[in-house]
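Presented below is the structure to which this report refers.
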Amino acid sequence: GQQLNQSPQSMFIQEGEDVSMNCTSSSIFNTWLWYKQDPGEGPVLLIALYKAGELTSNGRLTAQFGITRKDSFLNISASIPSDVGIYFCAGLGRETSGSRLTFGEGTQLTVNP
Amino acid sequence: NAGVMQNPRHLVRRRGQEARLRCSPMKGHSHVYWYRQLPEEGLKFMVYLQKENIIDESGMPKERFSAEFPKEGPSILRIQQVVRGDSAAYFCASSLGTGSEAFFGQGTRLTVV
């Protein structure tokens, strides 16, 4: 089955630093999504990527859909304390019935003021 | 436009009882996913449904678990004869269709005592 390898598992950074995390897969995905989850809450969609090579920004967040369609990265610039949380990548496979959203294991981000 | 609504937010059941978790998708969404999340872990796919159809249930345990998404009303995840190992957060997500971005509810936290 499809699997996503997300790294790093955790990060401890100082406020103001930039952050980068990535996901890789042995399978091709048609869509990459990045979510953030705060404690006790559901994942919130941050960025959606639909085309290989696409680079998309949302405020301080930037994400790219890899050319090979097997990887994606998320960058957070000038981190602030409220960036703390778990970040998940997710991929959607072929656009046929049965396609499901597959998640990475998450990156736990801690920002020290 | 209300988001994905899950209820209850918290559910406590004794071993052997039944748990029924409800998910109302976003307006206009006809696709629903269910995921399970254990503490400190990622999101594990359970089942993917469209209205009145189960598309992919490869992540569902073979026994005691069932899901439905009727023509009218919310999607239901049903766990019969619950055991302590069923304690987890259960998240529902909805989307417009295959390949579309998915939006999550706030989850139901099931505790089996």
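Protein sequence lines, in the order shown, are assigned to chains A and B. Under my numbering, the first sequence has 41 at position 41, and the numbering climbs by one with no breaks. In short: position in the second sequence from 1, add 1000, done, that's my numbering. Heads up, the beta-carbon is just placed ideally off N, CA and C, and yes, glycines get one too. Only a predicted model underlies this, so the values are computations on that prediction, with no experimental measurement involved.
Contact belief for residue i with residue j at Cβ below 8 Å, rounded distance in angstroms
| i | j | result |
| --- | --- | --- |
| residue 17/A | residue 79/A | 6 Å |
| residue 1019/B | residue 1082/B | 5 Å |
| residue 1074/B | residue 1022/B | 5 Å |
| residue 1102/B | residue 1095/B | 4 Å |
Residue i classed as buried or exposed, judged by whether at least 16 other C-beta atoms fall within 10 angstroms
| i | result |
| --- | --- |
| residue 43/A | buried |
| residue 153/A | In the structure as shown, chain A starts at 1 and stops at 113, and residue 153/A therefore has no counterpart that could be examined. |
| residue 1062/B | exposed |
| residue 55/A | exposed |
| residue 25/A | buried |
| residue 1025/B | buried |
| residue 72/A | buried |
| residue 1085/B | exposed |
Residues bridged to residue i (per DSSP)
| i | result |
| --- | --- |
| residue 1042/B | For residue 1042/B, which the question treats as bridged, DSSP gives no partner whatsoever. |
| residue 1068/B | 1076/B |
| residue 1090/B | 1036/B, 1108/B |
| residue 22/A | 7/A, 73/A |
| residue 1031/B | 1050/B, 1095/B |
| residue 56/A | 63/A |
| residue 87/A | 36/A, 107/A |
| residue 1084/B | Bridge partners of residue 1084/B: none, in fact. |
| residue 1060/B | Partner(s): none; residue 1060/B has no beta bridge. |
| residue 1020/B | 1078/B |
| residue 48/A | 33/A |
Neighbourhood of residue i by C-beta distance below 8 Å, restricted to the same chain and skipping five residues each side
| i | result |
| --- | --- |
| residue 39/A | 85 |
| residue 104/A | 4, 5, 6, 23, 88, 89, 90 |
| residue 13/A | 19, 79, 109, 110, 111, 112 |
Pairwise C-alpha distance: residue j and residue i
| i | j | result |
| --- | --- | --- |
| residue 1007/B | residue 1067/B | 15 Å |
| residue 1011/B | residue 68/A | 43 Å |
| residue 70/A | residue 51/A | 12 Å |
| residue 1064/B | residue 53/A | 43 Å |
| residue 30/A | residue 47/A | 14 Å |
| residue 96/A | residue 1055/B | Confidence at residue 96/A is low in this model, with a pLDDT of 45, below 50, so the placement of that residue is unreliable and no value is reported for it. |
| residue 1004/B | residue 33/A | 18 Å |
| residue 1087/B | residue 1040/B | 13 Å |
| residue 1027/B | residue 1002/B | 7 Å |
| residue 1060/B | residue 1045/B | 8 Å |
Distance cut-off 7 Å: residue i Cβ against heavy atoms of the ligand MN
| i | result |
| --- | --- |
| residue 1102/B | Among the components modelled here there is no ligand, and therefore nothing to report on the ligand MN. |
Cβ neighbours of residue i in the same chain (closer than 6 Å, five flanking residues each side left out)
| i | result |
| --- | --- |
| residue 1057/B | 1047 |
| residue 98/A | Only weak support exists for where residue 98/A lies, its pLDDT of 49 falling under 50; the value from the coordinates is given anyway. Once the five neighbours on either side are set aside, residue 98/A has no close Cβ partner at all. |
| residue 1016/B | 1081 |
Sequence-distant residues of its chain with Cβ nearer than 7 Å to residue i (five each side left out)
| i | result |
| --- | --- |
| residue 1113/B | 1012, 1014 |
| residue 1080/B | 1018, 1064 |
| residue 1049/B | 1032, 1055, 1067, 1069, 1075 |
| residue 1043/B | 1035, 1037, 1091 |
| residue 28/A | 69, 70 |
| residue 92/A | 29, 30, 31, 99, 101 |
| residue 1071/B | 1051, 1052 |
| residue 1106/B | 1006, 1009 |
| residue 1077/B | 1021, 1034, 1067, 1090 |
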